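Working notes, structure below.
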Amino acid sequence: MNGTVVIATVALVLHAIAAVVWVGGMFFALLALRPATAPLEPGPRLQLWSRVLGRFFQWVIAAIVLLLVSGYGMIFGVYSGFRGIGLHINVMQGIGIVMILLFFHLYFAPWRRFRAAVARQDNPEAARQLNQIRWIVTLNLVLGLVTVAVGSSGRYWG
Ligand code: HEM
């Protein structure tokens, strides 16, 4: 195995695992956990989301670091820079950056307000902030699925 093959293999594996963790986690939260928490009383439901999302968002931050390091690792280590990359990598990078900005907006605005509201047991405000988080995560899930489709099929576009 030469150096480029090693970089490509290691980076692609880490990149795909990071994408699975982030996108799969959003899918699970919205389509499995959310409907399952609906019958709970507001207090316990909001506490549960606070504990669940607190853990999940730490993994999302790790996934973002890994996606960026492995993605740009491939661009510079395998494709010798931006001139060597195809349309699909540009599209993936563009959507990926939008997803990352949306996540950090979520993390520093509604998530921070949600935790403060949960701490002072202001359930209506916490529910409002959780709703905002849900809309951003829904948008990021759609963008994430599109990015996975683009990233995994793009090399065959011709
Ligand atoms: C933000 C900057 C990003 C950069 C610079 C980047 C870069 C790359 C590169 C260079 C490849 C290899 C493509 C090829 O060889 O044809 C790739 C593949 C891939 N990327 Fe990204 N990417 C980024 C973000 C993302 C995001 C946010 C996701 C999904 C959430 C994602 C999902 C994928 C997938 C699924 C593949 C295909 C892996 C495979 O073939 O198994 N990427 N990316």
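For the sequence shown, this note's numbering begins at 41 and goes up steadily by one.
In this text, a Cβ means the ideal position worked out from N, Cα and C, and glycines have one as well.
Model, not experiment: these values are computed from the prediction.
Which same chain residues, not among the five before or five after M132, have their C-beta less than 6 Å away from its C-beta?
-> T187, V190, G191
Within 10 angstroms of the Cβ of N130, are there 16 or more other Cβ atoms? Answer buried if so, exposed if not.
-> exposed
Rounded to the nearest angstrom, how far is the Cβ of L80 from that of V158, given a contact under 8 Å?
-> In fact, because the Cβ distance is near 14 Å, the residues do not count as touching under 8 Å.
From the DSSP output, in three-state form, read off S120 for me.
-> coil
With a cut-off of 8 Å on the beta carbons, I'd call A142 and L179 a contact; round off their distance for me.
-> The residue you asked about is not Ala; residue 142 is Leu in the sequence shown. The Cβ separation is near 6 Å, so the contact holds.
Quick one: what's got a C-beta closer than 8 Å to I173's C-beta in the same chain, skipping five residues either side?
-> L93, L146, P150, W151, F154
By Cβ distance, which residues of its chain are closer than 8 Å to L181, with the 5 residues on each side in sequence left out?
-> V63, M66, F67, L70
Residue of M139, A58, L73 minimising C-alpha distance to A102 | A58
Given a threshold of 16 other Cβ atoms within 10 Å of its Cβ, counted over all protein chains shown, does V177 qualify as buried or as exposed?
-> buried
Confirm the yes/no value for this check: CB of A56, any heavy atom of the ligand HEM, distance under 7 Å.
-> yes
To the nearest angstrom, how far is it from the Cα of I135 to the Cα of L185?
-> 11 Å
Any 3 or more C-beta pairs closer than 8 Å across the region 106-125 and the region 44-52 | yes
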